[in-house]
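Enquirer:
In full-length UniProt numbering, the protein residues as written are 1 to 239.
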C-alpha cells in the first residue's frame, strides 16, 4: 500500500514477513520429504533447485532452505551449482538402520512402561492404532496397514519422554521408508506384526519395562530378518 502523502510503497509489518517465511520453508520441507519418501523423486534423482521449485509450485528460497534440512537428515545431498541428489540406500544401510531402530525403540518401550504418567496417554493412542491395523488387515488394505504401522512406531518414540531419541528414530525411519513401501506387497501378510504390536502394548500396560523393551527390539529384528533376504533375492542394491 502507499503511505499517505509520501508516495512510498509500504509493505507488511516485519513480524508478518518473519512469520510467513518459516511457514513457506516448512511447506517446502514437508512437500519435498513426501516426494522423496513416496518415490516421486526416486533414489539417484538429480535436479536443480529451480526445477524442484517449479515441480512443487514454490519459489527457490524456501526450497533451498528445505533442501539443507533434508541433507542434514540424510535424504538428499546438496551439490554446489548442480542442485540436489536423492540419496540411495544399500542393503547394508538398511541393516544398520534396523539395528539402530531396534535399539532405540526398545529403550522407548522401556521408558513408557516405567512411567505411569507417560504410559496412560500413550496407551490410548497405541490401542487405537492397533485397532486400525486389525481393520486394515481384515480388509486386505496394505496401504492403510502401512500407514497405521508407521503411526504406531512414531507414537511409541514420541511419547517416551526423550525428544532426542524420537528425532533420531524419525530420521532413520524416513530414510528406510522407500524400501519398506517398495517391498510391502512382496512380503507375507503382516499378521505377525500386529500380534507383536499387541504384545509390546500389553507389556507397556503392565509396567513391565524389561519385557516391553525386549519385545520391541525383537519386533524390529524380525522385520529386518524378513526384509534383508528379500532385498538380496530381488537384487535390490539401490533403495
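Quick reminder that beta carbons are idealized off the backbone N, C-alpha and C, glycines included. Predicted model, so just to flag it, every value in this text is computed and none were measured.
To the nearest angstrom, how far is it from the Cα of residue 38 to the Cα of residue 178?
Expert: Approximately 7 angstroms between the Cα atoms of the pair.
Enquirer: For residue 83, does the three-state DSSP call read helix, strand or coil?
Expert: In this structure, residue 83 counts as strand in the three-state DSSP scheme.
Enquirer: By DSSP's criteria, residue 46 is part of a beta bridge. Which residues make up the other side?
Expert: Residue 46 pairs with 85.
Enquirer: Count the CB pairs spanning the segment 153 to 160 and the segment 223 to 237 that are closer than 8 angstroms, and state whether there are at least three.
Expert: The segment 153 to 160 vs the segment 223 to 237: no contact.
Enquirer: Looking only at DSSP bridge pairs, what is residue 78 linked to?
Expert: Paired residue(s): 84.
Enquirer: On a CA-only basis, which of 216, 207 and 222 is nearest residue 116? Give me that one, please.
Expert: Nearest option by C-alpha distance: 207.
Enquirer: Nearest CA to the CA of residue 239: which residue from 31, 41 and 24?
Expert: Of the listed residues, the one whose Cα sits closest to residue 239 is 41.
Enquirer: Please go through the same chain and pick out, in chain order, the residues whose beta-carbon is closer than 7 angstroms to the beta-carbon of residue 175, but skip the five residues on each side of it.
Expert: For residue 175, where only same-chain residues beyond five positions count, the Cβ hits under 7 angstroms are 74, 75, 89 and 97.
Enquirer: Measure the Cβ-Cβ separation of residue 133 and residue 149 and say whether it is below 8 angstroms.
Expert: Going by C-beta atoms, residue 133 is nearer than 8 angstroms to residue 149.
Enquirer: Considering only the alpha carbon of each residue, which of 45, 144, 46 and 57 lies closest to residue 25?
Expert: Answer by Cα proximity: 57.
Enquirer: Beta-carbon within less than 7 angstroms of residue 200's beta-carbon, same chain only, minus the 5 sequence neighbours each way: which residues are those?
Expert: Cβ neighbours of residue 200 beyond the five flanking positions: 109, 212, 215, 216 and 219.
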